[in-house]
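> Here the protein sequences come in this chain order: A and B. Going by our numbering, the letters in the first sequence line up with residues 599 to 951, in that order. Going by our numbering, the letters in the second sequence line up with residues 599 to 951, in that order. For each residue, glycine too, the CB sits at the ideal point set by N, CA and C. Quantities reported herein were computed from a predicted structural model and do not represent experimental measurements.
2 protein chains.
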Amino acid sequence: MKAEISKVTINDVAKAAGVSKGTVDRVIHNRGEVSRKSREKVLRVIDELGFKPNLYASLLASQKERTICCIIPECRPGEFWSMTRKGIQEAAAIVSRYGVKVVCAGFDQYSVDSFRMACDSVVSMNPSGVLVAPMFRDETMRLADSLSSSGIPFMFLDSKIDDAGYLAYFGMPMYESGYLCADILTGGRNIPHKVYVVRISRDKTGLSDPTAARRAGFMDFMARHYPETLIENVFIDPKDAASIYERLDATVGREKDGRFVVMFNSRIHLVADYLSVKGFHDCRVVGFDALERNVAALKDGTVYALIAQHTDRQALDAVNAMTDHLLLGTPVAKRDNFIQMDILNRYNCDYYL
Amino acid sequence: MKAEISKVTINDVAKAAGVSKGTVDRVIHNRGEVSRKSREKVLRVIDELGFKPNLYASLLASQKERTICCIIPECRPGEFWSMTRKGIQEAAAIVSRYGVKVVCAGFDQYSVDSFRMACDSVVSMNPSGVLVAPMFRDETMRLADSLSSSGIPFMFLDSKIDDAGYLAYFGMPMYESGYLCADILTGGRNIPHKVYVVRISRDKTGLSDPTAARRAGFMDFMARHYPETLIENVFIDPKDAASIYERLDATVGREKDGRFVVMFNSRIHLVADYLSVKGFHDCRVVGFDALERNVAALKDGTVYALIAQHTDRQALDAVNAMTDHLLLGTPVAKRDNFIQMDILNRYNCDYYL
DNA sequence: TGAAAATCCGTGTGCGGGCACGGTAAAAAG
DNA sequence: CTTTTTACCGTGCCCGCACACGGATTTTCA
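Encoded structure:
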């Protein structure tokens with residue numbers, strides 16, 4: 599057991615390439631001051647020998663501390679973004695071993711100003727990398743420009759803006775999730791006469807609607823497979839419980855012909871509460887995201903199915919990818935990482951996460 | 599902005615304790631040869647200063663090579679275990695950076711002897727840790743005893759044996775997956791008159807049936823929700839294509855009242871092939887595992903749904919957990935890691951993996 | 001042609017800790 | 001009182017890499 603697989607070191611590379619380890623180091627880190635000839639030679643040897651820098655030695659020698667900043671909406675426990683935050687925390691614990699710090703800059707997802715402030719504070723920290731949930735298009739572009747000009751890599755979470763020079767994107771395929779949602783909603787024993795789409799009423803016109811693509815996918819499925827089915831939009835204000843009941847009473851509550859209800863954001867539990875209180879059973883309700891309250895409604899039968907995504911894992915993957923990129927300089931494996939869409943019902947939700 | 603990792607080092611401890619770093623090192627690793635007095639002094643200082651050994655330096659200096667052995671069934675590309683192997687490969691690439699080697703010992707999943715040989719060869723390698731798919735109960739217990747007495751930690755993959763002293767388990771909740779399967783099968787527009795359960799005929803009696811628990815879950819669901827529905831077992835030999843057609847022709851093929859078919863292992867594509875060739879449409883077919891051929895059948899509509907698990911991720915998690923345990927000495931986070939059950943249909947399978 | 005500037009490159013030190021080696025002092029044996 | 005044993009302990013080299021520094025070579029330009 600003597601001849602162990604000798605890991606190839608930077609010295610081996612240097613010897614094989616006929617240069618010194620200093621030169622190899624310069625090539626590895628793109629530090630310049632290397633002639634094209636020896637640069638190519640070194641790269642070839644690295645490839646041939648399969649040299650992989652020893653992470654430990656590398657990190658030990660360069661006592662640098664790196665910071666990844668995350669620009670993520672503030673939220674209360676149990677709300678959508680709390681899962682993402684959880685994933686970030688988890689990742690932070692892991693990468694701290696590699697001298698990488700993760701800090702979060704929160705913002706109010708309904709306020710452009712607070713988003714802008716978060717961006718500014720992150721830029722002023724001069725981080726090594728940035729993860730951002732690009733809730734506001736124009737401000738995100740401003741941020742992207744600022745980061746790009748400083749050479750700071752950034753990734754998008756949950757949604758993306760195509761023409762910003764992002765390093766990677768982690769999120770769900772929105773259009774397809776709407777399509778899938780329609781399939782699940784209509785997969786029951788009866789063909790729906792009418793479907794209620796419950797939406798959040800948006801007074802401020804400046805706000806973008808992150809679920810628009812999802813709704814489009816839903817509508818396309820319906821138009822294609824159930825052109826006869828009526829679609830009725832019901833607008834509610836999530837902050838006003840009384841009005842929610844009122845609005846639902848006037849629409850879903852009066853339905854005689856089988857109640858089909860969907861929501862495209864994570865708030866289906868609002869509808870579930872209503873249906874539960876009113877004692878409406880045998881409804882077909884489909885929503886998104888495995889929030890605690892949604893899963894509870896799933897288990898008691900009020901909600902038929904949820905389409906979920908592991909936003910925590912997604913965030914963890916993003917942080918890991920950024921860490922790898924910062925530490926090893928590797929290009930990210932995939933630019934667009936579409937996370938899988940999980941179908942949850944009462945029988946498999948217990949093992950979800 | 600060159601923030602240093604301000605950390606107390608072994609030298610700081612040595613100075614503060616009035617000894618040399620060699621002594622501190624001896625204390626840390628319980629290597630003996632230290633007087634009680636200085637031992638206590640060092641321990642106190644370590645506590646006061648909050649000294650934590652630098653992982654990088656430690657691993658860099660101690661060039662120990664660790665090996666994780668995996669005892670996993672051999673298989674051809676596209677078969678069930680190939681995904682697990684893929685996950686192991688992936689993990690191997692990652693942990694190789696930490697000086698951890700991963701080697702696989704394959705065996706024929708239908709042969710106790712080959713399993714025993716794999717176990718023996720692994721034990722003789724004296725690995726740092728072991729992952730095993732415990733396909734044979736008695737032999738696995740023998741392995742467990744042998745490893746335990748050598749102080750070698752081991753984990754179970756895919757299925758587990760409760761009273762072996764395993765460090766962790768990664769797998770699917772089998773009973774529940776059968777329950778879920780029944781729910782999906784019967785969730786359509788018609789109540790099934792009869793359900794065909796296609797099974798692999800096992801001539802050798804010594805073989806354990808890994809899907810027994812799954813079948814039990816299925817049967818319980820059916821008995822509870824559809825007591826009128828007939829269940830007919832159809833036994834096939836996967837190696838004999840002609841006989842498969844024959845058997846199916848005599849059963850499923852003759853059904854007039856809506857064809858409901860399930861299989862509890864990963865071979866549903868065998869049934870799909872038959873149905874496709876025969877031109878039987880509008881069947882309700884549910885199977886397990888996202889093998890390439892199964893997913894193809896899902897997309898062309900022959901199979902209605904698959905219940906899948908990310909066995910690759912599962913394997914990757916297992917290797918990572920073992921690596922963490924070996925390197926950091928941390929106790930594993932969770933002993934029983936039940937992986938989520940994924941419901942796949944034609945609309946979300948594209949984003950699966 | 002020679003000097004200055006621009007390029008390129010090798011050497012050496014140190015990161016924090018593991019561990020072999022050898023040394024010193026106290027205890028035991030002769 | 002020597003000699004040997006035992007119990008402790010400090011020194012120094014090494015792990016693989018990052019990076020500063022200065023030396024060497026080539027290019028530029030007067």
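With 8 Å set as the bound, which would you pick, yes or no: does the beta-carbon of N943/B sit closer than that to a beta-carbon of chain A?
It does; some Cβ of chain A falls within 8 Å.
> Would A691/A be called buried (16 or more neighbouring beta carbons within 10 Å of its own) or exposed?
Classification for A691/A: exposed.
> Please tell me whether V611/A has its Cβ less than 8 Å away from any Cβ of chain B.
No - not a single Cβ of chain B is within 8 Å of the one on V611/A.
> Which ranges does the beta strand (DSSP E) cover as unbroken runs of at least 3 residues, wholly within the stretch 863-925 of chain B, from first to last along the chain?
DSSP runs (the beta strand (DSSP E)) wholly in the stretch 863-925 of chain B: 882-886 and 903-906.
> Pull up the distance between the alpha-carbon of S618/B and that of A612/B, whole angstroms please.
S618/B and A612/B: Cα-Cα distance of roughly 5 Å.
> Note down, in chain order, each residue of its chain lying with its Cβ closer than 7 Å to the Cβ of Y872/B, except the 5 sequence neighbours on either side.
Counting only Cβ-Cβ distances below 7 Å, and skipping sequence neighbours, we find I842, Y843 and L846.
> Can you tell me the Cα-Cα spacing of E602/B and S694/A, whole angstroms?
Any answer about E602/B is weak, because its pLDDT of 38 lies below 50 and its placement is not dependable; what the coordinates show is given next. Going by the C-alpha atoms only, they are around 14 Å apart.
> Tell me whether R812/A is buried or exposed, calling it buried when 16 or more other Cβ atoms sit within 10 Å of its Cβ.
Buried, because 16 or more other Cβ atoms sit within 10 Å of the Cβ of R812/A.
> Between L657/B and chain A, is there a C-beta pair that is closer than 8 Å?
Yes - at least one Cβ of chain A is within 8 Å of the one on L657/B.
> F936/B bridges to which residues according to DSSP?
Answer is G769/B.
> To be precise: take each residue of the stretch 760-776 of chain B, compare its Cβ to all Cβ atoms of chain A, and keep it if any distance is under 9 Å. Which residues remain?
Here the close residues are M770, P771, E774 and S775.
> What are the residues of the stretch 684-709 of chain B that lie near chain A, defined by any Cβ-Cβ distance shorter than 9 Å?
Taking 9 Å as the Cβ-Cβ cut-off against chain A, the residues of the stretch 684-709 of chain B that qualify are S694, R695, Y696, G697 and K699.
> What does the Cβ neighbour count give for Q661/B, buried or exposed, with the cut at 16 atoms within 10 Å?
Classification of Q661/B: exposed, given that the 10 Å Cβ count is below 16.
> Name the chain B residues that come within less than 8 Å of F936/A, Cβ to Cβ?
In chain order: Y949.
> Of the choices G885/A, I670/A and D623/A, whose alpha-carbon is the least far from that of C779/A?
For C779/A, the nearest C-alpha among the options comes from G885/A.
> Throw me the rounded Cβ distance for the V710/A and S744/A pair, which I believe falls under 8 Å.
Rounded, the Cβ-Cβ distance is 16 Å, inconsistent with contact.
> Once DSSP output is grouped into helix, strand and coil, what is the label at D847/B?
Reduced to three states, the DSSP call for D847/B is helix.
> Identify the continuous beta strand (DSSP E) that holds M739/A and give its terminal residues.
Per DSSP, M739/A belongs to no beta strand (DSSP E); it is in the alpha helix (DSSP H), R735 to S748.
> Grouping DSSP H, G and I as helix and E and B as strand, with all else coil, what is T682/B?
In this structure, T682/B counts as helix in the three-state DSSP scheme.
> With a 10 Å radius around its C-beta and 16 neighbouring C-beta atoms as the bar for buried, classify C947/B as buried or exposed.
It counts as buried.
> According to the neighbour-count rule (16 or more other Cβ atoms, all chains shown, within 10 Å of its Cβ), is E638/A buried or exposed?
Answer is exposed; the Cβ neighbour count stays below 16.
> Which chain B residues are close to L778/A, counting only those with a beta carbon under 8 Å from its beta carbon?
Those are N943, Y945 and N946, listed as they occur along chain B.
> What did DSSP end up calling Y794/B once you bin it into helix, strand or coil?
In this structure, Y794/B counts as strand in the three-state DSSP scheme.
> Of the residues that make up the stretch 613-647 of chain B, which ones have a beta carbon closer than 8 Å to any beta carbon in chain A?
Cβ contacts with chain A come from no residue of the stretch 613-647 of chain B.
> Cβ of D940/B less than 8 Å from any chain A Cβ?
Yes, D940/B lies at the interface with chain A (some Cβ there is under 8 Å from its Cβ).
> Within 10 angstroms of the Cβ of L926/B, are there 16 or more other Cβ atoms? Answer buried if so, exposed if not.
Flag for L926/B reads exposed.
> If we ignore side chains and look at the alpha-carbon of each, how far apart do M715/A and Y794/A end up?
Whole-angstrom Cα-Cα distance: 38 Å.
> Where V606/A and F713/A are concerned, what is the direct C-alpha to C-alpha distance, given to the nearest angstrom?
Cα-Cα distance, rounded: 47 Å.
> For K650/A, would you say it is in contact with chain B, using Cβ-to-Cβ distances shorter than 8 Å as the test?
Yes, contact with chain B.
> Is the stretch 896-906 of chain B touching the stretch 728-746 of chain B in the sense that three or more CB pairs, one from each, lie closer than 8 Å?
These segments do not touch.
> Flag D818/B as yes if its beta-carbon sits less than 8 Å from any beta-carbon of chain A, otherwise no.
Judged by the 8 Å Cβ criterion, D818/B is not in contact with chain A.
> Leaving out five residues before and five after D756/A in sequence, what residues of the same chain have Cβ atoms less than 6 Å from its Cβ?
Same-chain partners within the cutoff: A731 and G769.
> Could you give the distance in angstroms between the alpha-carbon of G630/A and the alpha-carbon of R664/A?
One C-alpha to the other measures close to 22 Å.
> Is R800/B helix, strand or coil by DSSP?
Coil at R800/B, not helix or strand.
> Under 9 Å Cβ-Cβ, which residues of chain B neighbour L755/A?
Within 9 Å Cβ-Cβ: nothing; L755/A doesn't reach chain B, min ~17 Å.
> Near Q912/A, which residues of its chain fall below 6 Å by C-beta distance, leaving aside the five closest residues on each side in sequence?
Same-chain partners within the cutoff: F768 and I937.
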